[in-house]
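This report refers to the structure that appears directly beneath it.
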Amino acid sequence: MAVVPQLQPSPENTVYILDGMAVIQMIKSGRTATFGELAKHYFNTFTSPLSTHKCYCVHVVFDQYLDDSIKAGERARRSSSSALEVYVGGPATPVPKQWDKYISNPNNKKNLCDFLTHSMCTLGQRHLRESTQLVIGGGFKDGERCVAITRDSCVDVEDLKSNQEEADTRMLLHARYAAGQCQEAKIVIQSPDTDVLVLSAAHFEDIASKELWFRTGVKDRLPFVPVHDVCQNLSNRVLKALPAFHALTGCDTTSALSGIGKKKPWNVFIRSAVHQESLTILGQQPEVDEETAKKCEAFICDLYPSYKKSPKTADELRYIIFCQKKPNSEALPPASDSLRQHINRANYQTHIWRKSLDALLELPSPEGRGWQKEDDELKPKLMSRDPAPTSLLELTTCTCKKKECSSKCSYANVGLSCTEACTCMAEDACKNPHGVEWELEDSDSNDEE
5 MAVVPQLQPS
15 PENTVYILDG
25 MAVIQMIKSG
35 RTATFGELAK
45 HYFNTFTSPL
55 STHKCYCVHV
65 VFDQYLDDSI
75 KAGERARRSS
85 SSALEVYVGG
95 PATPVPKQWD
105 KYISNPNNKK
115 NLCDFLTHSM
125 CTLGQRHLRE
135 STQLVIGGGF
145 KDGERCVAIT
155 RDSCVDVEDL
165 KSNQEEADTR
175 MLLHARYAAG
185 QCQEAKIVIQ
195 SPDTDVLVLS
205 AAHFEDIASK
215 ELWFRTGVKD
225 RLPFVPVHDV
235 CQNLSNRVLK
245 ALPAFHALTG
255 CDTTSALSGI
265 GKKKPWNVFI
275 RSAVHQESLT
285 ILGQQPEVDE
295 ETAKKCEAFI
305 CDLYPSYKKS
315 PKTADELRYI
325 IFCQKKPNSE
335 ALPPASDSLR
345 QHINRANYQT
355 HIWRKSLDAL
365 LELPSPEGRG
375 WQKEDDELKP
385 KLMSRDPAPT
395 SLLELTTCTC
405 KKKECSSKCS
415 YANVGLSCTE
425 ACTCMAEDAC
435 KNPHGVEWEL
445 EDSDSNDEE
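Heads up: the sequence shown begins at 5 in this note's numbering, then just goes up one per residue.
Structure, rendered in structure tokens:
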């Protein structure tokens, strides 16, 4: 497989499919003063492929921003809580100077996408060349809507009406549609996300494109990866297991394993037909059964050092590694209970990815499938059991010196009282609000008795 800096000119038609918000995040405001200027700037950027490589059509696909989203945690991590919502009243509305802060607010993203999509519908009908087309999926207030714009016309595309939340998956739906419109076309999917490359390879056969290219990178460094060549070098079993492999080893909605990365899991995965077969099953249903969960746990266990004993669970492996190497807690594998929640999340995410080519999805709630509601927000469920027996927790000690256990006390923060084993020795100076007052017997009274 050879990654190339640019596509070679060819007689075939080419279709570009762009992640709209990724392009916006990359080029930012472009030093424009008003939203009208901003819309023209983005329109020129989105339609620039129409002048190259025999490109006759560009698809721009946007995310939907749902309240109950499994990406809520990742978006909250990236966002700024102090960013105010900006109402875009029209083309004359000034563009905020603090662009990064502005775009970090999900409501601003919604408003911006809606303004841009309507503006591009107007600009496209005026400025698109004859025999070229701009397709916009999502971005409107009605996030399911998709339109095709040509010179002097703008029509809805019912086949691309979709309730998919992520542009990552919706772009593949557009790719299959484009391949169906012209089987000889080269299709280029442009995105900075590894997820999209993984899904492009996993669904390449069903997309049925003669050539499928993945373009990624930053600004002017955007090489092309030939997905069709990648798929020729991988078996069908590996391709079917790819989404599950990516979800288990870490993506936007699932955590990565500390200190493991992707390279080592890939080497373990590619050498084991058993693990490949196991991961083809993950995500087939929104619920993961016990047998599949155990097979996934076995795969995770194989990512860590092996010893004379062969552990059957992550708990056993965690104990063996601790006894043999006494590493930092971050270097230990997750406990079996915590790992099961991770597998539940990976299964749910993989289930969504396996349905990338379905326009309208009927998905069950992620609650109870690795996520839970806390303060009306969807958050990962880290475990279903206590992190340790209460008796063990009570053996811990605080090391408070200057603060007298009044703040950041490890005991007070978990609702426990200090003991004589602590640095404070639970004396009168200790200000732990959970302190216990000990009633000592009066030795004098005992003597009298």
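Every residue, glycine too, gets a C-beta built ideally from N, C-alpha and C.
For residue i, which beta-bridge partners are listed by DSSP?
i, result
"Trp375", "Glu371 and Pro384"
"Ile191", "Val19 and Leu216"
"Gly141", "Val65 and Cys150"
"Thr401", "Thr401 is not bridged to any residue."
"Phe326", "Answer by DSSP bridge pairing: none, since Phe326 is not bridged."
"Phe2", "Any answer about residue 2 is impossible in this case: the structure gives the chain only from 5 up to 453."
"Phe208", "Phe208 pairs with nothing; no bridge assigned."
"Pro230", "Trp217"
"Cys59", "Thr18"
"Arg358", "Partner(s): none; Arg358 has no beta bridge."
"Arg225", "Val222"
On the three-state DSSP scale, how would you describe residue i?
i, result
"Ser157", "strand"
"Thr36", "coil"
"Asp186", "Correcting the residue type first, residue 186 is Cys in the shown sequence and not Asp. It is coil, neither helix nor strand."
"Tyr415", "coil"
"Arg389", "coil"
"Pro98", "strand"
"Pro437", "coil"
"Tyr308", "coil"
"Cys117", "helix"
"Leu343", "helix"
"Lys316", "coil"
"Ala87", "coil"
"Val202", "helix"
"Thr427", "coil"
"Gly93", "coil"
"Glu134", "coil"
"Asn109", "coil"
"Ile28", "helix"
"Asp104", "helix"
"Gln168", "coil"
"Leu238", "coil"
"Pro247", "helix"
"Lys299", "helix"
"Glu332", "Per the sequence shown, the amino acid found at residue 332 is Asn instead of Glu. It is coil, neither helix nor strand."
"Cys409", "coil"
"Cys125", "helix"
"Leu365", "coil"
"Ser421", "coil"
"Asp432", "coil"
"Asp163", "helix"
Rounded C-beta distance between residue i and residue j? I'm assuming under 8 Å.
i, j, result
"Gln137", "Thr154", "5 Å"
"Leu364", "Ile304", "So it is not a contact: roughly 34 Å between Cβ atoms."
"Val19", "Ala182", "4 Å"
"Leu92", "Pro100", "Reading the sequence as shown, one finds Val at residue 92 and not Leu. About 10 Å separates the two Cβ atoms, so there is no contact after all."
"Lys435", "Cys402", "At roughly 12 Å, the Cβ-Cβ gap does not stay under 8 Å, so Lys435 and Cys402 are not in contact."
"Lys165", "Arg180", "Not quite, the Cβ-Cβ distance comes to about 14 Å (not below 8 Å), so this is no contact."
"Gly438", "Ser414", "Contrary to the premise, residue 438 reads as His rather than Gly in this sequence. Not quite, the Cβ-Cβ distance comes to about 12 Å (not below 8 Å), so this is no contact."
"His178", "Ile21", "5 Å"
"Pro368", "Trp375", "Their Cβ separation, rounded to whole angstroms, is 11 Å, which puts Pro368 and Trp375 out of contact at 8 Å."
Taking 7 Å as the line, does the beta carbon of residue i fall inside it for any heavy atom of the ligand GDP?
i, result
"Arg180", "For the ligand GDP, the structure offers nothing, since it holds no ligand at all."
Pick out the complete alpha helix (DSSP H) segments inside the stretch 249-289, 4 residues or longer, and give them in chain order.
Runs of the alpha helix (DSSP H) inside the stretch 249-289: 267-275 and 277-285.
Could you say if the stretch 277-287 and the stretch 231-249 meet the contact criterion of at least three C-beta pairs nearer than 8 Å?
In short, these stretches touch, since the Cβ pair count reaches three.
Is there contact between the stretch 352-372 and the stretch 309-324, where contact requires at least three CB pairs shorter than 8 Å?
Short answer: they don't touch.
So, does the stretch 194-211 touch the stretch 222-239, judging by three or more C-beta pairs under 8 Å?
Counting Cβ pairs under 8 Å, three or more are found: they touch.
Are three or more beta carbon pairs between the stretch 57-73 and the stretch 134-150 nearer than 8 Å?
With a cut-off of 8 Å, the stretch 134-150 and the stretch 57-73 count as touching, because enough Cβ pairs lie within range.
Any contact of the stretch 357-372 with the stretch 321-340, i.e. 3+ C-beta pairs under 8 Å?
Segment contact: the stretch 357-372 against the stretch 321-340, fewer than three CB-CB distances shorter than 8 Å; contact not assigned.
I want to know whether the stretch 193-206 touches the stretch 250-264 - three or more CB-CB distances under 8 Å.
The answer is yes - the stretch 250-264 touches the stretch 193-206, with three or more Cβ pairs under 8 Å.
On the three-pair Cβ rule with 8 Å, is the stretch 324-334 touching the stretch 300-314?
Result yes; three or more Cβ-Cβ pairs closer than 8 Å.
Check whether the stretch 101-114 touches the stretch 36-49, taking contact to mean three or more Cβ pairs, one atom from each stretch, closer than 8 Å.
Of all C-beta pairs linking the stretch 101-114 to the stretch 36-49, fewer than three are shorter than 8 Å, placing the two stretches out of contact.
Do the stretch 214-221 and the stretch 184-194 touch if we need at least three Cβ pairs shorter than 8 Å?
Yes: at least three Cβ pairs fall under 8 Å.
Would you call the stretch 69-76 in contact with the stretch 51-60, where contact means no fewer than 3 C-beta pairs closer than 8 Å?
Counting Cβ pairs under 8 Å, fewer than three are found: no touch.
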